[in-house]
Amino acid sequence: MFSRFRLAPLTAALLPLFLTPVALAETIKAGALQVEADTISGQMDSQLRATGSVKAVRDTQQFEADWLEYYVDKQLIRAGDRARMRQPEGTVEADALEAYLATDTGSARNADFAFGQGKRVLRGHAAALEMQGKGNYQLQTTRANTCAPGDDSWYLKAGTIDLDYGRNVGVAKHARLEFEGVPFLYTPWMDFPLDGGRKSGLLFPTITTGSDGLEFALPYYWNIAPNYDATITPRYIEQRGVMLGLEGRYLQPDYSGKIYTEQLPNDKKTDSNRSLWALEHTQTLNQDTTFGLDGRYVSDEDYYDDFGNSSTAATSSNLLREAWVNYNPGWASFKLSASRYQTLAGGSEQYARVPKLAISSNKTLWGFTANLESEITRFEHRNLQDGWRTVAYPSVSWNLDKPWGFLQAKFGVHHTRYQLDAYNGNAANTLDRTLPITTLDSGLTFERDTQLQGQDFTQTLEPRLYFVHIPRVDQSNLPNFDTSENDLSFAQLFSENRFSGYDRINAAKNITTALTSRLLDKRNGLERLRVGIGQRFYLNDDDITLSGAESKRTENSSDILSTIGGDLTQALRLDATYQYNQSLGKTERFSTQLRYSPAAGKALSLRYRFGRNELLDNDGNYGPLRTIDIAGQWPIARNWYAVARQNYSLQDNKVLQRLAGVEYNQGCWIVRVVGERYLTDISQYKNAVFLQLELKDLSSIGNNPMETLRLAIPGYSNINNIADTE
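Each residue of the sequence shown is one higher than the one before, starting from 239 at the first, in this note's numbering.
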């Protein structure tokens, strides 16, 4: 009988019995078993029994037990009175344990287990555990979760769970999910990925309520191949019927994309078929050429109002359908595209561009840069003038850029030709417009060191002068295919043309002056404060309206624009713009935002917006717009966060959007409850309630409000990534 002895039975039998334990240990071969215990008895070449603080090691396997029996010929270990087995894929601790080392098979009774590596570890208890080969286990009468040790706030309880780490698949039979001891979901069969990867199977259902009553969706995920998958989602909407959604995704080295559709036959509210189709595809044809498709189609103009959320309802007035090819050989860029729009409720029909060829190029030579901006487009509309528009805008510029300032001079010629179809009794005709454009942009930067409240700063003073000259040409005979007038902004003060698109080019003989001062923190380079003011001065009264007609300005200068902003502290940021109409002596526009965000999960914002002539009423007239927007995310208790937003029209005494809810991060699960009410039309509201339970490393149940919260609350943080808070 030996004491505290290390043993390698298959090799030790041939060695003299008087070798020391150290000498024996040094002769161990890979695959042999090392045993250390208070006492070891038996035959070293057949059967051994170790008792008292037993520890055994075989390659990457470790055993600990009160007693252990080792049958050499069978490579069988029996251990008991709480035996523990450790190996790279996990740990098993049981009342009794059998393990066949050569085949990685065996069993355990009344076992606690932890399988997996990294963040995704499946832990739990099984009345019986069968080892069925390397990385394969069957858990019988078991409960399991992916929480931290000792956390049973939720678990999957099943008759059996089969784990196959070779295929990264787990299969549970006669399973139910229990949350805080309350069963809430049963399934006779379910499978799930063991490594967090993709796996075919039913996803957890979503249950929501809103303006259309109760909604229930049960998605099925189909992992077709490593680079193909699909999600099929039947969705029951109480007041409308059953909708079927399908999303298919694909990924190849040279192309990728997705196809999505929603189908609702015989909507009970409208007595019509409702549907949506969406396609995204991008493809690399060769080193210089890419190709793409992007488009959406809905069955009717009210689709997004009825089935969208607050963000889609506000932005989906024209749905783009486009195909394009980009060719970039290096010396120039070519893009050929064709696009049409579907107009929804509240939108105006846009021209189709079938096709459009855009070409751009630039080349630097002898300190000068030659640029070319050109486009050939075919415009079509059901009710308006059709035709071709050709644009060529070559220009030459010279730049001087130094730490103390910059100077940029540019001269170009903008030529536009229209080849118009016969329209409204007028014969087809051709029209031309050619305009020389001259600009000169310059600025200086002065700096000085200063101190504020004992901190070192750099203060700058940056005057800027911008000149543009474009002669006035009557353009009232030219069509307007895609042009609108831009709002005046600080950036617009330094642009050649106040119109977007190519159909209108303003007359200009203007000088813009601006002065900006910044306060830069020397410790970290942050812009603590930025103050700017600017104004455009007209050297003549020539002007062009959006209709293209010549006109005369009645003022010799534009509105005055000013801006202020910066990181006032590490947590507090201010951004504000102000536009003053000198001729009327009134404020034209004003907007400001104060945002306080000292840490992740803590974000408060106050926004105010005023526009003197921006709100469209029921009669088609514009009036003042005044809105105040308050939003925030803030911890209210340990791991509890409140979220809220109120967007309110002071002019109409009307709520535009109201949102409120709470989030809780327990560590192993997260719950979110959010209610939302938002305006979809002048007097029509839509309600939505989000309830989501997210189980760590398993899945989420309910309707995810994350995108709504991100858009509604500036600085919103995903609480999954926030550490525990007190």
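Glycine included, each C-beta is placed from N, C-alpha and C at the ideal position.
Residue i, buried or exposed, once every other Cβ within 10 Å from all chains shown has been counted against 16
{"i": "H652", "result": "buried"}
{"i": "E734", "result": "buried"}
{"i": "A268", "result": "In this prediction, A268 has a pLDDT of 37, which is less than 50 and means its spatial position is unreliable; what the coordinates show is noted afterwards. Exposed, because fewer than 16 other Cβ atoms sit within 10 Å of the Cβ of A268."}
{"i": "T946", "result": "buried"}
{"i": "K395", "result": "buried"}
{"i": "Y424", "result": "exposed"}
{"i": "V536", "result": "buried"}
{"i": "Y458", "result": "exposed"}
{"i": "D639", "result": "exposed"}
{"i": "Q580", "result": "buried"}
{"i": "F775", "result": "exposed"}
{"i": "S577", "result": "buried"}
{"i": "F422", "result": "exposed"}
Reference residue i, options the options, closest by Cα
{"i": "M428", "options": "L936, T750, N941, N956", "result": "L936"}
{"i": "A346", "options": "A340, G318, E327, R358", "result": "G318"}
{"i": "A729", "options": "R616, Q773, T522, P491", "result": "Q773"}
{"i": "S738", "options": "N718, A752, N748", "result": "N718"}
{"i": "I771", "options": "S555, S755, I951", "result": "S755"}
{"i": "R478", "options": "I951, D450, N348", "result": "D450"}
{"i": "Y309", "options": "E331, D283, Q325, D890", "result": "D283"}
{"i": "R507", "options": "L489, V480, G495", "result": "Here residue 507 is Lys; the residue named in the question, Arg, does not match the sequence. Taking only the C-alpha atoms, the option nearest K507 is V480."}
{"i": "G861", "options": "R833, Q871, D890", "result": "D890"}
{"i": "D687", "options": "G439, L514, L758, N778", "result": "L758"}
{"i": "L415", "options": "A516, I798, T384", "result": "T384"}
{"i": "A364", "options": "N348, W626, A352", "result": "N348"}
{"i": "Y338", "options": "Q299, S829, R320", "result": "Q299"}
{"i": "P641", "options": "S938, D741, T683", "result": "T683"}
{"i": "R627", "options": "K594, N637, K601", "result": "K594"}
{"i": "R811", "options": "T830, D694, L669", "result": "T830"}
{"i": "P873", "options": "F353, I960, K372", "result": "I960"}
{"i": "A340", "options": "D492, L669, R655, A270", "result": "A270"}
{"i": "R910", "options": "Q930, K892, D919, T277", "result": "Q930"}
{"i": "L502", "options": "Q490, T471, T520", "result": "T471"}
{"i": "T528", "options": "N566, Y541, Y498", "result": "N566"}
{"i": "C495", "options": "N504, A516, A413, A746", "result": "Before going further, note that residue 495 is Gly rather than Cys in the sequence given. Answer by Cα proximity: A516."}
{"i": "L603", "options": "V634, T522, K892, G397", "result": "V634"}
CB-CB length for residue i against residue j, believed under 8 Å
{"i": "I743", "j": "L699", "result": "The Cβ separation is near 34 Å, so there is no contact."}
{"i": "I802", "j": "R768", "result": "7 Å"}
{"i": "L367", "j": "L377", "result": "6 Å"}
{"i": "E302", "j": "V292", "result": "7 Å"}
{"i": "M369", "j": "D342", "result": "6 Å"}
{"i": "L401", "j": "L440", "result": "Their Cβ separation, rounded to whole angstroms, is 19 Å, which puts L401 and L440 out of contact at 8 Å."}
{"i": "W392", "j": "W878", "result": "Not confirmed; about 18 Å, so no contact."}
{"i": "D659", "j": "G625", "result": "5 Å"}
{"i": "S599", "j": "L582", "result": "No, S599 and L582 are not in contact; Cβ-Cβ is about 37 Å, not under 8 Å."}
{"i": "D805", "j": "L753", "result": "No, D805 and L753 are not in contact; Cβ-Cβ is about 21 Å, not under 8 Å."}
{"i": "L844", "j": "L853", "result": "At roughly 21 Å, the Cβ-Cβ gap does not stay under 8 Å, so L844 and L853 are not in contact."}
Alpha carbon of residue i to alpha carbon of residue j, nearest angstrom
{"i": "V563", "j": "F572", "result": "8 Å"}
{"i": "R948", "j": "E914", "result": "14 Å"}
{"i": "Y846", "j": "G681", "result": "32 Å"}
{"i": "D867", "j": "Y916", "result": "13 Å"}
{"i": "L690", "j": "S796", "result": "35 Å"}
{"i": "L863", "j": "Y816", "result": "15 Å"}
{"i": "D543", "j": "F454", "result": "19 Å"}
{"i": "L557", "j": "D538", "result": "12 Å"}
{"i": "I957", "j": "G839", "result": "7 Å"}
{"i": "V592", "j": "D467", "result": "33 Å"}
{"i": "Y954", "j": "Q871", "result": "6 Å"}
{"i": "G605", "j": "S727", "result": "32 Å"}
{"i": "R620", "j": "S513", "result": "24 Å"}
{"i": "D741", "j": "T751", "result": "28 Å"}
{"i": "A250", "j": "S279", "result": "Because the pLDDT at A250 is just 34, under 50, the model does not fix this residue reliably, and the value given afterwards should be weighed accordingly. If you take the alpha carbons of A250 and S279, they lie about 14 Å apart."}
{"i": "R736", "j": "Q490", "result": "43 Å"}
{"i": "L252", "j": "G419", "result": "Residue placement at L252 cannot be trusted, given a pLDDT of 29 that sits under 50; the coordinates are not used to answer."}
{"i": "R655", "j": "P701", "result": "39 Å"}
{"i": "G290", "j": "E327", "result": "27 Å"}
The segment 640–647 in contact with the segment 655–665 per 3-pair CB rule at 8 Å:
Counting C-beta pairs with one atom in each stretch, the segment 640–647 and the segment 655–665 have fewer than three that are closer than 8 Å, which means they do not touch.
Taking contact to mean at least 3 C-beta pairs separated by less than 8 Å, is the segment 705–721 in contact with the segment 782–792?
Enough Cβ pairs lie closer than 8 Å, so yes.
Across the segment 892–907 and the segment 871–883, are there enough close Cβ pairs to call them in contact, namely three or more that are closer than 8 Å?
Yes, the segment 892–907 is in contact with the segment 871–883.
Could you say if the segment 377–397 and the segment 457–471 meet the contact criterion of at least three C-beta pairs nearer than 8 Å?
No, the segment 377–397 does not touch the segment 457–471.
Does the segment 399–412 come close enough to the segment 922–930 that 3 or more CB-CB pairs lie under 8 Å?
The segment 922–930 vs the segment 399–412: no contact.
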